[in-house]
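Here is the structure we will look at.
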Amino acid sequence: MLIQKFYPCYSDGSRMAPGDELEVFYPDLFGIPHRGVVYQLIEGPPGVESIEIIHNSKRHGGVCVVSWDDFAQCQMVKLRRRPESPEHADQIIALAESIIGHLYDTAKANCEHFTDWCYSGGTEAKSETLQAGVLVGSLVVVLGIAAFAGSRS
């Protein structure tokens, strides 16, 4: 008797693996992506029984491990990037594990900072979404000041 094992796959058919960076859009975040890393695939008969994600979450107070369902929250989750090698995947997971419990901070330690830090080997922690938000906010202020100044002349 042949038993086919179940392994979770992405929409392109590729298998999910530890170290993969994921992205999900929650309705209450108004289009801002939330990111996490596949922590582990827990095997059981007849294949993967559950998936755990490690992420830095404001809702959970910081870096923590959650179930796939808790991370996805019934939203579509997409693969953002994959580790460059099995060794890189191990390094990503080790770095992520090393800061479980680290507190969330929107400006300095959000989910993007977390995944970038893990992927860079602990050398970079940036948030392109936060940088873009600051740029747009600054532009709105400058345009508002220019419009106000123009209306006074």
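Count along the sequence shown from 1, then add 7; that gives the number in this note's numbering.
Where a beta carbon is used, it is the ideal one built from N, C-alpha and C, also for glycine.
The structure displayed is predicted, hence computed values, not measured ones.
Cβ separation of Gly69 and Tyr126, assumed to be a contact under 8 Å, to the nearest whole Å: Position 62 of the sequence shown holds residue 69. Position 119 of the sequence shown holds residue 126. Actually they are not in contact, since the Cβ atoms of Gly69 and Tyr126 sit about 19 Å apart, beyond 8 Å.
First and last residue of the uninterrupted beta strand (DSSP E) at Glu28: Here the question's residue 28 lines up with position 21 in the sequence shown. Element bounds for Glu28: 28 to 32.
C-alpha distance - Gly54 paired with Leu48, whole-angstrom precision: Here residue 54 corresponds to residue number 47 of the sequence shown, with the count starting at 1. Here residue 48 corresponds to residue number 41 of the sequence shown, with the count starting at 1. Between the C-alpha atoms of Gly54 and Leu48 there is a straight-line separation of about 9 Å.
Environment of Thr113 [buried if 16+ CB atoms lie within 10 Å]: The count along the sequence shown starts at 1 and reaches residue 113 at position 106. Exposed, because fewer than 16 other Cβ atoms sit within 10 Å of the Cβ of Thr113.
Ile106 lies in the beta strand (DSSP E); which residues open and close that run? Start at 1 with the first residue of the sequence shown, and residue 106 comes out as number 99. Ile106 -> no beta strand (DSSP E), and no H or E assigned at all.
So the beta strand (DSSP E) Glu56 belongs to, where does it begin and stop? Reading the sequence shown from its first residue, position 49 is the one you call residue 56. Annotation for Glu56: the continuous beta strand (DSSP E) segment containing it runs 54 to 64.
Which partner residues does Ser92 have in the DSSP bridge list? As a position in the sequence shown, residue 92 is number 85, starting the count at 1. Beta-bridge pairing links Ser92 to no other residue.
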